[in-house]
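Chains as they are written, first to last, in this note's numbering: chain S, 1140 to 1420; chain Z, 1140 to 1447. Built from N, CA and C at the ideal position, the CB exists for glycine as well. Inspection log for the structure reproduced underneath, given as structure tokens.
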Ligand SMILES: Nc1ncnc2c1ncn2[C@@H]1O[C@H](COP(=O)(O)OP(=O)(O)OP(=O)(O)O)[C@@H](O)[C@H]1O
Ligand SMILES: [Mg+2]
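Structure, rendered in structure tokens:
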């Protein structure tokens, strides 16, 4: 074994004049924003989300119209007391899939591609990256959800004009449509947090689907008394409470629903923060 | 300046880095050498805080990497594992990194030019050749104009021109007074650029030395001589600092501390016939292999031991 200790004096600091940079929260936010929009999958998924939000409402509206004008010998129960809002919100179920997948891709994609190593060497304190991701994606999903819902409503309403489903854009209707945007924003962040916790695109998508579809489905197998206690507090039902136009007995109030969903989202983001700080990248 | 103190990393049962102590100083290229699995990449990941040490510390200019206000300006790192989203263009990748620190676009263009990526900067990096990807990683490392440049096996995948380019780049960066820390498992490659060497095996420090000292300790250069009169030649050549070995009764001698040219001149002057005069250069590769043999052999013999 050879060990030679170098005793030379340390060389001078770099001789080239160097500008002073600094890692900032704003910079990190800009970085996440630019990362989000600089991959093709973002544009594709955003387009899919908008198509789903507007398209499914449109299809539902046409079906409703033809049933109503076709003498209505048997109208689907779903359509009996449909409104242009309820028809529009058909699209939310599909829109949330697209936005959920995009949230997972945005967060877990960093791990599956390895780009997390670049990200975290630039921002080694780590948490600002998560806050920025959540902010970027929360805003994007909310805006897309809201724009999609309003656009869907305008189209749907035009199609069903002259029928019982037609509505004017009252405060309640606007609350419902904004509620859909809020729901999509929060559920999108929840999906991103799941992706960040699981660090895998496939895992994140599976977990997201479990949250919005599987768990509510499983719950219907439980005794009814349990369903009544637990059901309204699931993320999907809490979300439905936010955007449904007419209060339903088995749902929370819109305000409570928003709080409950926010609670779930905060919990998931906290989990992601804990994972991010505690584990090697 | 990078300082590791008792730096240790365990992954479950496996100890990847085992109590490393070393200092990497500015102004010269320091090679980080060791066979596969020696813990080089793990050490480098710990330097930039991607992996947390199980125990011990590693600091960059006196602080943990994450505690610096401008990390990219402290350390520019090229890591072994891929660190770039394949769907993003080179330009977008560098721009996103630049935003975090408020580094101007001008600097992004500068490093793209410096690494010769102009023609592909707007292409998705997933379509890059191995060498282009490596250049993009180096561009990212240089982006913050860092005081320390740390590259994990930078010549991987580069063509001869690229290898030469890296060599010059490293020398230039060190010449500018930066700390340059470069890993490799090829001694021959390191010997061309590095002045200092930190050699590890199985996570432990094997040597913290200079290229010069490593050669000297490995016995320096030897000249093999075959002569008609070994006893007389031996007397003529002996001097302080000169070592001569030879079997009694054999016409062969091994001389260190004298060049083949000097030996030939002395022999001619005294009319001693020489049958052979060969300079043996102790290869650095050999010196390195001698140092790391144990740590490599351990892996090779382990199954046999457990069978016994
Ligand atoms: N994330 C990890 N989980 C478990 N084991 C790991 C992990 N990273 C590294 N190791 C193990 O730690 C040891 C050191 O690995 P490391 O990649 O640091 O070596 P290296 O010196 O860079 O080797 P090479 O020359 O092959 O690149 C190896 O045995 C490796 O299998
Ligand atoms: Mg390695």
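Residue i: first and last residue of the uninterrupted alpha helix (DSSP H) it sits in
i              : result
residue 1254/S : 1254-1261
residue 1393/Z : Run containing residue 1393/Z: none in the alpha helix (DSSP H); it sits in the beta strand (DSSP E), 1391-1395.
residue 1410/Z : Note, residue 1410/Z: premise wrong, no alpha helix (DSSP H); not H, not E.
residue 1170/Z : Residue 1170/Z -> not in any alpha helix (DSSP H); beta strand (DSSP E) instead, spanning 1168-1172.
residue 1393/S : 1393-1417
Buried versus exposed, by CB contacts within 10 Å (16 or more), residue i
i              : result
residue 1379/S : buried
residue 1196/S : buried
residue 1439/Z : Note on residue 1439/Z: pLDDT 48, under 50, position unreliable in the model; the coordinate value appears next. Counting Cβ neighbours within 10 Å, residue 1439/Z comes out exposed, since fewer than 16 surround it.
residue 1310/S : exposed
residue 1153/Z : exposed
residue 1323/S : buried
residue 1445/Z : Legend: pLDDT at residue 1445/Z = 40, less than 50; position of this residue unreliable, no value from coordinates given.
residue 1266/Z : exposed
residue 1364/Z : buried
residue 1364/S : exposed
residue 1387/S : exposed
residue 1235/S : buried
residue 1212/Z : buried
residue 1210/Z : buried
residue 1240/S : buried
residue 1298/S : buried
residue 1119/Z : There is simply no residue 1119/Z to check, as chain Z begins at 1140 and stops at 1447 in what is shown.
residue 1151/S : Confidence in residue 1151/S is poor, its pLDDT being 45 and thus under 50, which makes the residue's placement too unreliable to answer from.
residue 1215/Z : buried
residue 1296/S : buried
residue 1227/Z : buried
residue 1382/S : buried
residue 1330/S : buried
residue 1371/Z : exposed
residue 1276/S : buried
residue 1149/S : With a pLDDT of only 44 at residue 1149/S, under the threshold of 50, the placement of this residue in the model should not be trusted, and no figure is reported.
Straight-line gap, residue i to residue j (C-alpha atoms, nearest Å)
i              : j              : result
residue 1171/Z : residue 1340/Z : 11 Å
residue 1416/S : residue 1308/S : 46 Å
residue 1469/Z : residue 1318/Z : As shown, chain Z starts at 1140 and ends at 1447. That puts residue 1469/Z outside it, with no answer to give.
residue 1188/Z : residue 1316/S : 45 Å
residue 1161/S : residue 1264/S : 13 Å
residue 1325/Z : residue 1345/Z : 16 Å
residue 1267/S : residue 1239/Z : 10 Å
residue 1228/S : residue 1158/S : 53 Å
residue 1369/S : residue 1158/Z : 52 Å
residue 1396/Z : residue 1362/Z : 9 Å
residue 1376/S : residue 1413/S : 27 Å
residue 1235/Z : residue 1222/Z : 13 Å
residue 1357/S : residue 1367/S : 14 Å
residue 1251/Z : residue 1305/Z : 15 Å
residue 1406/Z : residue 1327/Z : 34 Å
residue 1447/Z : residue 1434/Z : Summary for residue 1447/Z: the model assigns pLDDT 34, below 50, so the residue's position carries little reliability; its value from the coordinates is reported in the next sentence. C-alpha separation (whole angstroms): 20 Å.
residue 1325/S : residue 1173/S : 21 Å
residue 1308/Z : residue 1262/S : 26 Å
residue 1384/S : residue 1288/Z : 59 Å
residue 1320/S : residue 1225/S : 14 Å
residue 1162/Z : residue 1237/S : 51 Å
residue 1371/S : residue 1410/S : 23 Å
residue 1419/S : residue 1220/S : 54 Å
residue 1330/Z : residue 1349/Z : 10 Å
residue 1313/S : residue 1276/Z : 49 Å
residue 1247/S : residue 1176/S : 16 Å
First through last residue of the beta strand (DSSP E) which encompasses residue i
i              : result
residue 1288/Z : 1287-1291
residue 1167/S : Unbroken run through residue 1167/S is the alpha helix (DSSP H), 1164-1176; no beta strand (DSSP E).
residue 1462/Z : The shown model of chain Z, from 1140 to 1447, leaves out residue 1462/Z, and the question about it has no answer.
residue 1142/Z : 1141-1150
residue 1366/S : Unbroken run through residue 1366/S is the alpha helix (DSSP H), 1363-1369; no beta strand (DSSP E).
residue 1384/Z : 1382-1384
Check: Enumerated in chain order, which unbroken segments of the beta strand (DSSP E) with a length of 3 residues or greater are wholly contained in the stretch 1190-1273 of chain Z?
Finding: 1194-1199, 1214-1217
Note to self: Can you confirm whether the stretch 1424-1431 of chain Z touches the stretch 1400-1410 of chain Z when touching is taken to mean that 3 or more C-beta pairs between the two stretches lie within less than 8 Å?
What the structure shows: With contact defined as three or more Cβ pairs closer than 8 Å, the stretch 1400-1410 of chain Z and the stretch 1424-1431 of chain Z are not in contact.
Next item on the list: Output the residue ranges of the alpha helix (DSSP H) runs that lie fully inside the stretch 1298-1368 of chain Z and measure 4 residues or longer, sorted by chain position.
Entry: Correct list: 1299-1314, 1326-1330, 1350-1356.
Notebook entry, point to check: Between the stretch 1173-1190 of chain Z and the stretch 1144-1157 of chain Z, are three or more C-beta pairs nearer than 8 Å?
Noted result: yes
Notebook entry, point to check: Between the stretch 1341-1359 of chain S and the stretch 1258-1265 of chain S, do three or more beta carbon pairs fall short of 8 Å?
Noted result: no
Next item on the list: Inspect the CB distances between the stretch 1179-1199 of chain S and the stretch 1244-1251 of chain Z and report whether three or more fall short of 8 Å.
Entry: No, they do not touch.
Notebook entry, point to check: Pairing CB atoms from the stretch 1260-1272 of chain S with CB atoms from the stretch 1160-1171 of chain S, are three or more of them under 8 Å?
Noted result: Three or more beta-carbon pairs drawn from the stretch 1260-1272 of chain S and the stretch 1160-1171 of chain S are found closer than 8 Å, and the two stretches are therefore classed as touching.
Checklist line | Stretch pair the stretch 1195-1212 of chain Z + the stretch 1308-1316 of chain Z: three plus CB contacts closer than 8 Å | finding: When C-beta atoms of the stretch 1195-1212 of chain Z are compared with those of the stretch 1308-1316 of chain Z, fewer than three pairs fall below 8 Å, so the two segments do not count as touching.
Check: Okay, do the stretch 1187-1201 of chain Z and the stretch 1376-1389 of chain Z touch, 3+ Cβ pairs below 8 Å being the bar?
Finding: Touching, no, given that fewer than three Cβ pairs across the two stretches are closer than 8 Å.
Next item on the list: Output the residue ranges of the alpha helix (DSSP H) runs that lie fully inside the stretch 1287-1345 of chain S and measure 4 residues or longer, sorted by chain position.
Entry: 1310-1337
Checklist line | the stretch 1279-1289 of chain S contacting the stretch 1246-1253 of chain S, beta-carbon criterion three pairs below 8 Å | finding: A contact is defined here as three or more CB-CB pairs under 8 Å, and the stretch 1279-1289 of chain S fails this definition with respect to the stretch 1246-1253 of chain S.
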